[in-house]
Each structure stands twice: as C-alpha cells, then as structure tokens.
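So the sequence lines, in the order shown, correspond to chains A and B. Numbering-wise, the numbering used here puts 405 at position 37 of the first sequence, and it's gapless, one number per residue. Numbering-wise, the numbering used here puts 928 at position 293 of the second sequence, and it's gapless, one number per residue.
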Amino acid sequence: MQSLESGFSEKPKSLLKLFFYELKHDILASVSLVMLIAIFLTIFIGAFIVESLFDVMWVTPRPLPVSPANSGTLLGLDSLGRNQFHLIFVAARNSLLISFGVTFFSFIFGIVIGVISGFYGGKTDNIIMRIVDTWNMVPFLMVVIALLSVLSRTVPVFIALLTAFSWVGRARLLRASALSQSQMDYISASKTLGTPNIVIMFREMLPNLVDVTVANFVLTLAASIGIETGLSLLGFGLGWDFPSLGTMMQNAINPMYLQHFPWVWAPALVLVCTIMLCVNFVGNALQRVADPKQRYA
Amino acid sequence: MDDILLSINNLRTSFRIDGQYYAAVDGVSIDIMHNEVFAIVGESGCGKSALSLSITKLHNMNYTRIEGEVNFNGQNLLDLNESKLNKVRGKDISVIFQDPLTALNPVIRVGPQIEESLTYHTNMNKKEKRDRAIKLLSEVGMVNPELTYASFPHELSGGMRQRATIAVSLACSPKLIIADEPTTALDVTIQAQILDLLRKLQKETQSSIILITHDLGVVAEMADRVAVMYAGQIVELASANDLFKNPQHPYTRSLLASIPNVGEDLHRLNAIKGIVPTLMYMPREGCRFSHRTPWIDGSMHEENPDYHEVRPNHFVFCTCYKDFYFENEGGA
Chain A
369 MQSLESGFSE
379 KPKSLLKLFF
389 YELKHDILAS
399 VSLVMLIAIF
409 LTIFIGAFIV
419 ESLFDVMWVT
429 PRPLPVSPAN
439 SGTLLGLDSL
449 GRNQFHLIFV
459 AARNSLLISF
469 GVTFFSFIFG
479 IVIGVISGFY
489 GGKTDNIIMR
499 IVDTWNMVPF
509 LMVVIALLSV
519 LSRTVPVFIA
529 LLTAFSWVGR
539 ARLLRASALS
549 QSQMDYISAS
559 KTLGTPNIVI
569 MFREMLPNLV
579 DVTVANFVLT
589 LAASIGIETG
599 LSLLGFGLGW
609 DFPSLGTMMQ
619 NAINPMYLQH
629 FPWVWAPALV
639 LVCTIMLCVN
649 FVGNALQRVA
659 DPKQRYA
Chain B
636 MDDILLSINN
646 LRTSFRIDGQ
656 YYAAVDGVSI
666 DIMHNEVFAI
676 VGESGCGKSA
686 LSLSITKLHN
696 MNYTRIEGEV
706 NFNGQNLLDL
716 NESKLNKVRG
726 KDISVIFQDP
736 LTALNPVIRV
746 GPQIEESLTY
756 HTNMNKKEKR
766 DRAIKLLSEV
776 GMVNPELTYA
786 SFPHELSGGM
796 RQRATIAVSL
806 ACSPKLIIAD
816 EPTTALDVTI
826 QAQILDLLRK
836 LQKETQSSII
846 LITHDLGVVA
856 EMADRVAVMY
866 AGQIVELASA
876 NDLFKNPQHP
886 YTRSLLASIP
896 NVGEDLHRLN
906 AIKGIVPTLM
916 YMPREGCRFS
926 HRTPWIDGSM
936 HEENPDYHEV
946 RPNHFVFCTC
956 YKDFYFENEG
966 GA
C-alpha cells in the first residue's frame with residue numbers, strides 16, 4: 369500500500385488553480401485571456417462613456433467617408449459621416465451582447481433538453497429528438513430574415529430569434545454525450561445509492577459533459593459573432609440605429625470601399641478576428657482543464 | 636423461516652430483441668439468508684449479471700421485462716416505483732460494480748461520492764458525513780484516508796478504486812451487498828486483498844453478500860452457499876463445502892474438471908464442449924445443458940426438469956446428474 373500512496377505529489381488542485389496552471393504553460397492562451405479581458409473591459413466601459421458623452425449617431429454630411437488623417441479623428445468618418453472611433457465601441461458592445469446572449473440561452477435550453485433526452489433514452493428520447501429534428505428542418509436563414517423584416521430590430525429580439533434556432537444543435541450534442549454517459553456504471557452506481565434522477569442528471573452526469581460543453585460554448589460564441597456579423601453584413605441584422613460590427617463592415621461589399629476606404633471596414637474586421645482568435649485560444653486551455661486526459665503532465 | 640433476508644421467487648428477466656422478448660433469467664428462485672455470502676457462478680452469458688441487476692431494477696426498462704417477485708423486508712421490490720425504490724437502494728441494498736473506474740464518477744472527488752448515499756438516507760450534517768466517509772476509507776484499508784477523500788478517482792490505482800467503491804457501498808451499512816464480479820478487473824494479488832477485505836467487512840457488519848463471479852477460486856475462498864447458473868437457470872444449489880466436495884450436476888462437474896491442477900501434466904486443458912447458447916437460440920424445453928453433453932443418452936434427462944434434493948439443502952436440477960460420465964471416461 370505504501371507504494372500506492374506515493375503516487376500523490378501534493379493535494380489535488382481546484383479547477384480554478386488548474387486553469388491558471390494551464391495558462392502558465394500556454395503562453396498563447398494567457399496572452400489571449402489578458403487581451404480578451406482588456407478588449408471586453410475597454411468595449412463595455414468605452415461604450416458607456418461614449419454613449420454618455422457623445423451622440424454616436426451624429427452625422428456630418430459628406431459625400432464620401434473621410435480618412436483618419438483628413439478628419440482629425442482616430443478612425444475617420446464613415447460614409448454617413450459618423451465618428452468611427454465612437455461608433456466602434458457601441459457596435460462591438462452590441463455584437464458581444466448578442467453573441468453572449470445567444471450562446472448563454474441556447475446552452476441553457478440545449479443542456480436541459482439534451483440531458484433529459486439522453487438520460488432517459490428510449491421513448492422519451494425518441495419523442496424529444498423527433499421534435500428537435502422537425503425544428504432543425506426549418507430553414508434558419510429564411511425564417512430569421514423574414515421575421516427580422518417584420519419585427520423590431522433590437523438586441524433582445526435578435527437574441528431570441530438566434531437562440532430559437534441555435535439551441536437545437538446544443539441539444540443534439542448534449543444528448544449524444546449524455547446518452548453514452550448514461551450507460552456508464554457510475555450512473556447505475558448512483559442509482560443504487562438512492563440518488564434521485566434529477567440529481568444524477570444535473571449534478572453528476574452534467575459535470576462529465578463539461579468538456580464537450582466548454583469546447584462547444586466557445587465555438588458557439590465565435591459562431592454567434594459570425595452569424596450576427598453575417599446577417600448584418602447582408603443588411604438583415606440590426607437596424608441602422610443599432611450599430612454592430614457587422615453593420616460597420618457592410619460597406620466592404622462595395623468594391624470601391626474595399627479598395628479605397630479601408631478605414632471604414634478594417635477596424636471592425638480586425639476586432640472581430642482578434643476576439644474570435646482569443647476566444648478560441650482561451651477555449652482550448654479551458655478544455656484541457658475540463659478534460660484531465662488532455663492536460664499537460 | 637424468518638432468517639431469510641431476500642427472497643427471489645420465480646424471477647424471469649427478458650430482453651427485447653427484434654420485438655420479441657427472450658428470457659435471460661428464466662424462473663430463478665433463491666433465498667438469501669442473513670449474514671451469509673451467497674455466490675452465483677457460471678460462464679459468461681448465463682444470466683448472472685442480469686439476475687443481480689434485476690434485484691435492484693437497474694436494467695433499462697425500455698427493453699427489459701422483469702416478472703416474478705423479489706421480496707425484501709416484506710415488500711416486492713419489483714412493484715416499487717422509482718422513488719420508493721430509492722429509499723431501499725443505497726440504504727439496505729447496495730451494489731459493488733465490476734469495473735471500479737467506471738463505477739466512480741470521474742469528475743467528483745472520492746469523499747463526496749461516499750457521502751452521496753448518506754445525504755439521502757440519513758440526517759447527518761456535513762461534518763458527520765465527512766467523518767463517516769473518512770472512517771470508511773480507513774476501514775477499507777486506505778493508508779491516508781484524508782488524502783484519498785479529496786482525490787479524484789483517476790488519481791487512485793485500480794485496487795484503491797475498488798476499495799473506494801466498497802467504501803461507497805458500505806456507507807449506510809446495508810443489509811445486502813450485491814458484488815457483481817468485484818475482482819474481475821483487478822490483478823491476482825489485488826484480488827486476494829479485496830476478497831480478504833470483503834470477508835473481513837462482512838464478518839464485522841454481519842451483512843449478506845451476493846457474490847457474482849465466474850471464478851471458482853473466489854467462490855471457494857468466500858462463499859457460504861453457492862448457486863451454479865446455466866442458461867438463465869440455477870442448475871445446482873448447495874453449501875460451498877458440499878459443492879466442491881460433491882458436485883452433482885454435469886455442468887458443475889464439467890466446470891470443476893476444467894480447472895487445471897498444479898503438477899498435473901496436461902497437454903490440453905479440459906473444456907466444456909460448445910458454448911452457452913445465445914439468448915435467441917436458447918433451448919426453452921428440457922435440460923438446457925443436454926446439447927453440450929451429446930454423448931449422454933437423451934433418456935437420462937427429464938422432460939420437464941425439476942429440482943432434486945440429493946442431500947439436505949443440496950439441490951440439483953434435472954435427473955441427468957445420476958449417470959453422468961465425462962466423454963473421455965467411456966460409458967459408466
């Protein structure tokens with residue numbers, strides 16, 4: 369028995385400690401995390417300050433956008449003559465709010481429905497999954513575009529619409545993992561201990577699904593930014609009175625803007641790419657924390 | 636007899652395959668006494684595990700049908716709904732699983748897993764539960780119980796994990812522990828340690844153990860009484876002593892004959908001809924072992940086999956035991 373005990377080097381670490389341990393060994397992830405925190409703080413505080421001090425929608429009538437050098441502002445004026453430096457804070461905040469909201473709510477629904485479906489299996493699973501399949505069949509882009517042209521284009525409406533289609537994928541993912549976990553002995557073992565099903569599902573099985581959830585959470589976060597940006601780019605996103613990173617890039621569709629006025633779309637593009645990259649790097653580190661098998665020794 | 640702890644009565648567990656139900660456990664009746672180690676042995680696919688899982692109703696009921704009675708404390712466990720069953724499981728009946736790695740939740744520390752059943756069956760507060768868990772861990776032979784308490788399952792070795800699962804199952808001092816091949820996933824030295832531990836704990840707590848195994852050595856070491864299972868039925872039921880000294884049923888005798896003896900010069904190991912028939916092709920009439928002893932005259936078997944008490948408390952299924960001989964022995 370003595371030799372068995374010597375396998376321990378120290379007290380087991382908490383999850384947060386493990387995360388920092390991972391960060392120490394992964395410079396890319398730690399830099400990303402710092403950048404991400406800095407970007408998020410800047411955006412949210414900046415947007416607050418900008419909105420309380422300036423009128424973001426203030427228009428200086430111009431026939432064409434004005435470059436930073438000629439306008440005396442940091443990022444120049446856009447095609448309507450709005451101050452881009454002010455605009456980007458509000459735009460980024462709106463985009464982030466939407467992607468966070470969509471990801472959060474679609475995971476709430478996805479987890480609850482997926483775990484219940486996977487845990488019980490059989491008939492319950494069959495019924496739930498057929499409903500999910502049916503819902504999944506509805507053409508997402510068409511319905512969103514159609515509804516957005518009817519409904520008011522505000523942040524909550526946008527979140528609700530995207531969530532309504534995004535949870536399906538989460539539910540399927542969680543259901544697949546839950547189904548395999550529910551066959552494990554520790555679930556049976558918990559049942560033999562007299563633990564109620566609801567506790568087994570969400571307190572014992574769910575933590576085992578964290579690796580899938582975290583990885584997918586990050587992807588969904590990045591994807592939601594992408595979807596929002598894409599829809600806005602096509603002109604079906606937020607209205608002109610709700611600036612977002614997508615609407616800021618919208619001008620890039622025009623070849624003339626693409627070639628001659630890069631300051632109109634470049635800042636938003638750079639910001640989107642930076643956020644997506646950082647989110648992914650941090651996500652990878654998180655995934656290693658959640659899954660001991662991927663951890664650095 | 637009020638000495639009976641658990642009484643299984645004509646239990647039939649069937650699984651659905653292609654829309655039809657096939658019985659994996661076919662009419663099993665046994666009584667488990669207080670304070671005894673009852674072993675169930677048999678080849679793979681004999682229905683041992685199906686039987687043990689039926690007692691706690693752990694089968695996936697989407698494709699399983701369980702008939703018969705499992706009487707425990709004056710109630711039929713099979714009639715209870717999930718929430719009533721939960722009051723019995725963990726408190727009075729607990730299970731030790733075969734593979735200790737999958738039986739422990741990989742993302743929860745060992746200590747809280749031991750406390751789990753205490754949460755639902757006792758009114759202990761946090762401190763009491765922790766004390767009890769640490770006491771259990773030291774009882775099952777952990778050198779540093781406090782450290783183990785805060786460890787994750789993957790930080791423990793196989794033997795330690797199995798000790799931890801035993802601690803989990805002992806938490807509420809159950810009256811009956813179902814050990815489903817508790818040593819199969821472990822190597823031989825650890826097996827011996829775990830068996831010693833189980834026997835020691837059984838003596839201390841006076842609880843009963845249903846020991847499911849295919850290892851006759853384990854049976855000889857542990858069991859008070861033994862049931863030999865074949866093709867979903869119990870073919871021989873006797874005290875461990877009787878069974879090893881005086882095996883009766885052809886199946887039991889074949890099993891014992893296929894254990895190689897040290898010092899015996901064998902070129903080939905003795906084996907039982909054929910395999911256990913799969914569920915779908917299992918003969919449902921007559922003696923189910925007959926087709927694996929084709930050299931035995933068919934008239935030896937009963938048409939509707941029944942139990943025969945060859946000596947007090949030693950039961951054998953079917954009459955073919957009377958004139959059984961091994962193929963290489965020639966006719967009797």
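Glycine included, C-beta positions come from ideal geometry on N, C-alpha and C. Small disclaimer: the values here were computed from a predicted structure and weren't measured.
Judged by DSSP secondary structure, M497(A) falls within the alpha helix (DSSP H) whose first and last residues are 490-505. Among the residues of chain A, those whose CB is under 7 angstroms from the CB of D734(B) are D553, following chain order. Sixteen is the threshold: since fewer than 16 other Cβ atoms of the shown chains lie within 10 Å of the Cβ of R498(A), the residue is exposed.
In chain order, T560, L561, G562, T563 make up the part of chain A whose C-beta sits under 8 angstroms from the C-beta of G725(B). Among the residues facing chain B, P575(A) is included, as its CB has a counterpart in that chain under 8 angstroms away. At least one CB of chain B lies nearer than 8 angstroms to the CB of S556(A). For the segment 471-497 of chain A, the set of positions with a beta-carbon nearer than 8 angstroms to some beta-carbon of chain B reads G489, G490, K491 in chain order. Counting other Cβ atoms within 10 Å of its Cβ, M915(B) stays below 16 and is therefore classed as exposed. Proximity of chain B to E572(A) at the Cβ level (cut-off 8 angstroms) is accounted for by N740, I743, in chain order. Residue-level contact by beta carbon fails for Y784(B) and chain A, as no gap is shorter than 8 angstroms.
Residue environment: F457(A) is assigned as buried (16 or more neighbouring CB atoms within 10 Å of its CB, all protein chains considered). Proximity of N695(B) to chain A, defined by a Cβ-Cβ separation below 8 angstroms, is satisfied.
Within chain A, the residues whose beta carbon sits less than 8 angstroms from that of E717(B) are N565, listed in sequence order.
By the C-beta density criterion, P809(B) is buried, having at least 16 other C-beta atoms within 10 angstroms. When the alpha-carbon of L547(A) is set against those of T522(A), N494(A), V512(A), the nearest one is in N494(A). Around the CB of K835(B), fewer than 16 other CB atoms lie within 10 Å, so the residue is classed as exposed. Against chain A, the CB of Y656(B) has no partner CB under 8 angstroms away; the residue lies outside that interface.
Secondary structure note for V870(B): its beta strand (DSSP E) is the uninterrupted segment 868-874.
Three or more beta-carbon pairs separated by less than 8 angstroms are not found between the segment 645-654 of chain A and the segment 686-694 of chain B, which leaves the two stretches without contact.
Flagged as an interface residue toward chain A: T691(B), by a C-beta distance shorter than 8 angstroms. In the three-state reduction of the DSSP assignment, S558(A) falls in the helix class. Around Q841(B), the same chain offers H669, N670 as residues with beta carbons nearer than 8 angstroms, after the five sequence neighbours per side are excluded. When Cβ-Cβ separations below 8 angstroms define contact, E774(B) makes no contact with chain A. Residue environment: K559(A) is assigned as buried (16 or more neighbouring CB atoms within 10 Å of its CB, all protein chains considered). If you draw a straight line from the Cα of Y657(B) to the Cα of P885(B), it is about 25 angstroms long. Its Cα nearest to that of Q733(B), the residue S556(A) stands out among P630(A), S556(A), N622(A).
When Cβ pairs closer than 8 angstroms are counted between the two stretches, the segment 523-537 of chain A is seen to touch the segment 500-508 of chain A, the count reaching three or more.
Rounded to whole angstroms, the Cβ separation of E751(B) and T563(A) is 6 angstroms, and the two are in contact under 8 angstroms. Residues of chain A whose Cβ lies closer than 9 angstroms to the Cβ of Y755(B) are, in chain order, L561, G562, T563, P564, V567. With a threshold of 8 angstroms between beta carbons, K764(B) makes no contact with chain A. If you look at Q837(B), you'll find it in the alpha helix (DSSP H) that goes 823-840. At least one CB atom of chain A sits nearer than 8 angstroms to the CB of N721(B).
Nearest CB-CB separation between V730(B) and chain A: below the 8 angstroms threshold. CA-CA distance, R860(B) to T887(B), rounds to 14 angstroms.
Residue pairing from DSSP places I701(B) in a beta bridge opposite T648(B). Judged by DSSP in its simplified three-state form, F952(B) adopts strand.
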